[in-house]
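First up is the structure itself, then whatever we jot down about it.
Number of protein chains: 2
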Amino acid sequence: MNENRTFPEQEGRRRVVIENITPEIDAGRFAIKRVGGERVVVEADIFTDGHDSLAAVLKFRAAENAEWAESPMEFLVNDRWRGEFAVTKLGNYFYTIEAWVDQFKSWQINLQKKIEAGQNNISIELQIGAKWIEAAARRATARDAENLLAWAKEFGAVESVTGSPIEKRALDKDLTDMTCHYLGRQFSTNYEKELRVIVDPELARFCAWYEMFPRSFGGFKGCEEQLPRIAKMGFDVLYLPPIHPIGKLFRKGKNNNVKCEPGEPGSPWAIGSSEGGHKAIHPELGTLADFRNLIARAKEFKIEIALDIAFQCAPDHPYIREHPEWFRKRPDGSIQYAENPPKKYQDIVPFDLECDDWKNLWLELKSIFEFWIGHGVKIFRVDNPHTKTFAFWEWCIGELKAKNPELIFLAEAFTRPKSMYRLAKLGFTQSYNYFPWRNSKDELENYFAELTQSPVAEFFRPNLWPNTPDILTQFLQTDGRAAFAIRLILAATLGASYGIYSPAFELCENQPRGPGEEEYLNSEKYEIKRWNLSSPDSLENLIARVNQIRRENPALQSNRNLKFHRT
Amino acid sequence: MNENRTFPEQEGRRRVVIENITPEIDAGRFAIKRVGGERVVVEADIFTDGHDSLAAVLKFRAAENAEWAESPMEFLVNDRWRGEFAVTKLGNYFYTIEAWVDQFKSWQINLQKKIEAGQNNISIELQIGAKWIEAAARRATARDAENLLAWAKEFGAVESVTGSPIEKRALDKDLTDMTCHYLGRQFSTNYEKELRVIVDPELARFCAWYEMFPRSFGGFKGCEEQLPRIAKMGFDVLYLPPIHPIGKLFRKGKNNNVKCEPGEPGSPWAIGSSEGGHKAIHPELGTLADFRNLIARAKEFKIEIALDIAFQCAPDHPYIREHPEWFRKRPDGSIQYAENPPKKYQDIVPFDLECDDWKNLWLELKSIFEFWIGHGVKIFRVDNPHTKTFAFWEWCIGELKAKNPELIFLAEAFTRPKSMYRLAKLGFTQSYNYFPWRNSKDELENYFAELTQSPVAEFFRPNLWPNTPDILTQFLQTDGRAAFAIRLILAATLGASYGIYSPAFELCENQPRGPGEEEYLNSEKYEIKRWNLSSPDSLENLIARVNQIRRENPALQSNRNLKFHRT
Chain A
1 MNENRTFPEQ EGRRRVVIEN ITPEIDAGRF AIKRVGGERV VVEADIFTDG HDSLAAVLKF
61 RAAENAEWAE SPMEFLVNDR WRGEFAVTKL GNYFYTIEAW VDQFKSWQIN LQKKIEAGQN
121 NISIELQIGA KWIEAAARRA TARDAENLLA WAKEFGAVES VTGSPIEKRA LDKDLTDMTC
181 HYLGRQFSTN YEKELRVIVD PELARFCAWY EMFPRSFGGF KGCEEQLPRI AKMGFDVLYL
241 PPIHPIGKLF RKGKNNNVKC EPGEPGSPWA IGSSEGGHKA IHPELGTLAD FRNLIARAKE
301 FKIEIALDIA FQCAPDHPYI REHPEWFRKR PDGSIQYAEN PPKKYQDIVP FDLECDDWKN
361 LWLELKSIFE FWIGHGVKIF RVDNPHTKTF AFWEWCIGEL KAKNPELIFL AEAFTRPKSM
421 YRLAKLGFTQ SYNYFPWRNS KDELENYFAE LTQSPVAEFF RPNLWPNTPD ILTQFLQTDG
481 RAAFAIRLIL AATLGASYGI YSPAFELCEN QPRGPGEEEY LNSEKYEIKR WNLSSPDSLE
541 NLIARVNQIR RENPALQSNR NLKFHRT
Chain B
1001 MNENRTFPEQ EGRRRVVIEN ITPEIDAGRF AIKRVGGERV VVEADIFTDG HDSLAAVLKF
1061 RAAENAEWAE SPMEFLVNDR WRGEFAVTKL GNYFYTIEAW VDQFKSWQIN LQKKIEAGQN
1121 NISIELQIGA KWIEAAARRA TARDAENLLA WAKEFGAVES VTGSPIEKRA LDKDLTDMTC
1181 HYLGRQFSTN YEKELRVIVD PELARFCAWY EMFPRSFGGF KGCEEQLPRI AKMGFDVLYL
1241 PPIHPIGKLF RKGKNNNVKC EPGEPGSPWA IGSSEGGHKA IHPELGTLAD FRNLIARAKE
1301 FKIEIALDIA FQCAPDHPYI REHPEWFRKR PDGSIQYAEN PPKKYQDIVP FDLECDDWKN
1361 LWLELKSIFE FWIGHGVKIF RVDNPHTKTF AFWEWCIGEL KAKNPELIFL AEAFTRPKSM
1421 YRLAKLGFTQ SYNYFPWRNS KDELENYFAE LTQSPVAEFF RPNLWPNTPD ILTQFLQTDG
1481 RAAFAIRLIL AATLGASYGI YSPAFELCEN QPRGPGEEEY LNSEKYEIKR WNLSSPDSLE
1541 NLIARVNQIR RENPALQSNR NLKFHRT
């Protein structure tokens, strides 16, 4: 007969099909996410032709070249199988499935059916079983082989089912285990992909963030003084807006005024001046040593410090002089500031991630993270990641987490849904989301059903913020203290992670810059505030109580525990 | 700066993401199906970072190494894009997507936004546009370059928007087309997969099958006599159960009796005897020449002959003597007959597709199709494909259709849903399905919603049979002629392809072998029937009318036109 050019040499006798694995994100292109101690429950459609019985194992390992560990998969219904494993180590796990025709179990089931159908003479059927047992014995240790051959001999001698406990004997567990073990996995099918799990630290799953402008408290030392109060309220993360020198060129004044009066501090997101850039500290906040002290002191209160990483420059940032090739020049030689017409950010210049020197730019941006990691920072809130090349984030976060799997990256991805989810797939640990604008029961149920009951739940961890320095929602503007209490409780109970921009939040600050706007009047972004923390209206006690309830209720500590149904 | 081992050299400046393409079956592992003249509508999420405008094209070709043709994709909403192309040629088409940042359109939109925002001095913005036009001119033909440079000069000279028609000029269609054309697709993203379309003949989409045992009509010549009647009823396909010599060993008698009286004909599915096997014709049906005559005569009536391919052997099939290695032997040396306890098929022996000589067995099985293709058969109804290795079908159908894209394979896949769908993915053109047992409104709506409104519709074409020689449903047993009329109309209108086992069907034959059974009493499988075609109860006229309505209503001619909603 003719040779055939596309003969499936390897696959021809692999009779088992494995398909429709869950979880599997974008055909395995992206990882799912877990934290240490969580389980990964894997399901798949596993089936073969005809009526044979199958066996399947879930294979997993904590490194790409490690030995596979295995856990058995169980048949559910309608050719669906399920298995699970626990992840314990931070970093990457991998999983896949192996399945094969279980010849001995197929024989057992066939024998049972024949006995049930009333077939009396089963000597040939028992001899078939004996042949499988003998095949197993040929691969067994001497001792096991002896046992197996005794079984084979017994089955070979039985003539009929009458008065014989042979059915029970043929299903004996030791016999089954031993025979299946030595028969092995002939012609087994290995699922064609290795799927990945990113295992993050516990805080990635369950955390409460407190955002605070250090300059309104006199810098890092002032922040230290706030630690007991923040800890008492029950927060795990203290997040600081950018702590770097602020540009002086085109600095914004109070209420985003394009004119800045002398002495006005400017926006912390307009990063860089002659005093330094993304690796420097604003002199009015303290020194690098003060910052390290704050981190150390926070740890005593079980609080992690999160830094804001905003990849953009004030016009007087040192990069602009040192690396003009990293910025987009206009025909008049000037450098293009950030804008999204009609909005203009004259105090901010974006990087040109498409520039010819993009590789060095990417390496430099990554080195900013590395600098702060070197000084003890483990959590980063990333400003507007959706305005930078997607491929940059996959590479940058991938590289950083390969060395530091304990890192957490929160994406300020207030953007369209596809981009928001893509950033989570690319590696961001948590993400801002549409919670601030979901108010009605329907809106909340439908949105949280999407976040918790769709495949999104496997890679996207929402962090719920009722307010931010940029967002004073209409809802918060209308009903005073009650509105803040409502949004606090929703944020703290609809998701396992939430945060508030404060003390504006606990002090129920609700004056917008103008009607229909979401900007704060006299926003802390452009001025130093002196907050009256002892206000009788403060939500401090309510917040403390809510965080206590969260700590006491495991159901509130994982988004996977929270079930919503679309209406 | 340090080199980095995993730097995304190629992808770093490819800023556009293409994901969530539909249709795409199992991450591109399998093809979708169309017939010549149909359209393929492709959608995808396509987006980039920031606010730039995109362009995207759907690329398609009718052979793996052909030049790509392109059709533009249009933006829908929420980062979703759509494009389409028509398939005309039988065989395989391939499609994929290319998308890129459209720098010139981004500039146009940015300019518009600035003008709308009231910015008056736009000279710098116009100079930026002039730079893009100049870049295009550098790659243009001399004549186009001249035109482009004139545009660039014009924009470079404008100072402000006041009183100038510049916005309209900047959006000029010729300018846009020419500039975009010459700027090209810098850093474009090509979707990582080529997706496949199998283009089948028209009959794969829309057909009516008539199944008939030739022996009950005196063989092929008797079939010829029936052609005018079958054509008048409006059928496209005349499907014959196996036409090969029938085994004499263990031949079944009337009503599946294990004892066969002399002269009883046996089941046509018990294939092979000393008179020949799968490539021979039962002498009582006629000669190979008679068979070819039937095909030719049927063509005159626009009827295709479909053959039944059942990969199994009677115990006296020549293969068993010539290739004992292709069958499973029992410890007593006998060959195992087919069974699914308590059912026994003593007159049938299955092939062992796992045997050591499996490759030669596969080639021989494929050669059976090739033999009949050589004699003019283009449509095959495949018996019980789910009891043969899945990989066999993908290889066999793939090889056959590569040479003969006009072939149609109907899978008799009365099996579990996952296997049924898998066989369709692997290459079967159409499939039997659960229609016979879906009776209530809810059952029908939910099932046909699954078949027509889920991704299943892209690869699975149901062929609806109210009865078969194996299936006389409970529904048909109860209400006489009315029940048959109901199931006929449902079959003919719920799907674009349907078939009836006849004349049992049009004669409303409804006697089961026993209560609760679906087997016919005195089934034609085991005896030669003499049908009274002139019965006054015959549904012949109704069938003719129904088929006429189908031919007159395009809405009934494609499953994609039929819309059902789950209840």
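First to last, the protein sequences are chains A and B. By the count of the working numbering, the first sequence reaches residue 567 at its end, each step adding exactly one. By the count of the working numbering, the second sequence reaches residue 1567 at its end, each step adding exactly one. Where a beta carbon is used, it is the ideal one built from N, C-alpha and C, also for glycine.
Would DSSP call residue i helix, strand or coil?
| i | result |
| --- | --- |
| residue 1014 of chain B | coil |
| residue 548 of chain A | helix |
| residue 1468 of chain B | strand |
| residue 172 of chain A | coil |
| residue 321 of chain A | helix |
| residue 543 of chain A | helix |
| residue 1003 of chain B | Model confidence at residue 1003 of chain B stands at a pLDDT of 40, short of 50, so the residue's coordinates are unreliable; what they give is reported in the following sentence. Note: residue 1003 of chain B maps to coil in three-state DSSP. |
| residue 1189 of chain B | strand |
| residue 1046 of chain B | strand |
| residue 207 of chain A | strand |
| residue 1512 of chain B | strand |
| residue 499 of chain A | strand |
| residue 228 of chain A | helix |
| residue 1456 of chain B | helix |
| residue 1535 of chain B | coil |
| residue 1039 of chain B | strand |
Look up residue i in the DSSP assignment and give the residues it is bridged to.
| i | result |
| --- | --- |
| residue 1385 of chain B | DSSP, once it has assigned bridges, lists no residue as partnering residue 1385 of chain B. |
| residue 1196 of chain B | B:1094 |
| residue 410 of chain A | A:381, A:430 |
| residue 30 of chain A | A:25 |
| residue 54 of chain A | A:101 |
| residue 1019 of chain B | B:1045 |
| residue 1061 of chain B | B:1094 |
| residue 8 of chain A | Looking at the DSSP assignment, residue 8 of chain A forms no beta bridge with any residue, so it has no partner. |
| residue 520 of chain A | A:512 |
Report the option in the options whose CA atom is closest to the CA atom of residue i.
| i | options | result |
| --- | --- | --- |
| residue 1452 of chain B | B:1440, B:1412, B:1496, B:1469 | B:1496 |
| residue 242 of chain A | A:301, A:546, A:383 | A:383 |
| residue 1133 of chain B | B:1333, B:1463, B:1512, B:1107 | B:1107 |
| residue 1559 of chain B | B:1515, B:1458, B:1514, B:1522 | B:1458 |
| residue 51 of chain A | A:82, A:15, A:83, A:68 | A:15 |
| residue 299 of chain A | A:396, A:231, A:339 | A:231 |
| residue 1456 of chain B | B:1046, B:1033, B:1385, B:1284 | B:1033 |
| residue 1180 of chain B | B:1140, B:1213, B:1434, B:1303 | B:1140 |
| residue 1099 of chain B | B:1131, B:1018, B:1177 | B:1018 |
| residue 525 of chain A | A:112, A:21, A:215 | A:215 |
| residue 1192 of chain B | A:410, A:27, A:196, A:415 | A:27 |
| residue 1506 of chain B | B:1480, B:1381, B:1086 | B:1480 |
Note to self: Report the start-end ranges of each beta strand (DSSP E) in the stretch 1291–1372 of chain B that is 3 residues or longer and not cut off at the edges.
What the structure shows: Counting only runs of 3 or more, we get 1304–1309, 1338–1340, 1343–1345.
Notebook entry, point to check: What runs of the alpha helix (DSSP H), each 4 residues or longer, lie entirely inside the stretch 1066–1136 of chain B?
Noted result: Here the runs fully enclosed are 1103–1116.
Notebook entry, point to check: Closer than 7 Å, Cβ to any Cβ of chain A: which residues of the stretch 1348–1361 of chain B, in chain order?
Noted result: Those would be 1354, 1358, 1359, 1360, in chain order.
Check: For the stretch 393–419 of chain A, which residues have a CB atom closer than 8 Å to at least one CB atom of chain B, in sequence order?
Finding: Across the stretch 393–419 of chain A, CB contacts with chain B closer than 8 Å involve 394, 395, 398, 399, 416, 417, 418, 419, in sequence order along the chain.
Next item on the list: Using a Cβ-Cβ cut-off of less than 7 Å, give me the residues of the stretch 1365–1393 of chain B that come near chain A, in sequence order.
Entry: Going along the stretch 1365–1393 of chain B in chain order, one finds 1386, 1387, 1388, 1389, 1390, 1391 with a Cβ nearer than 7 Å to chain A.
Check: Along the chain, which unbroken stretches of the alpha helix (DSSP H) at least 4 residues long are found entirely within the stretch 1232–1293 of chain B?
Finding: Counting only runs of at least 4 residues, the stretch 1232–1293 of chain B fully encloses no alpha helix (DSSP H) element at all.
Check: What are the residues of the stretch 1330–1347 of chain B that lie near chain A, defined by any Cβ-Cβ distance shorter than 7 Å?
Finding: If the cut-off is 7 Å between Cβ atoms, the stretch 1330–1347 of chain B has 1330, 1331, 1332, 1340, 1341, 1342 near chain A.
Next item on the list: Output, in sequence order along the chain, the residues in the stretch 33–53 of chain A whose CB is closer than 7 Å to any CB in chain B.
Entry: Taking 7 Å as the Cβ-Cβ cut-off against chain B, the residues of the stretch 33–53 of chain A that qualify are 45, 47, 49, 50, 51.
Item checked: Positions along the stretch 1067–1101 of chain B whose CB lies within less than 9 Å of some CB in chain A -> Against chain A - using a Cβ distance shorter than 9 Å - the residues of the stretch 1067–1101 of chain B are 1078, 1079, 1080, 1101.
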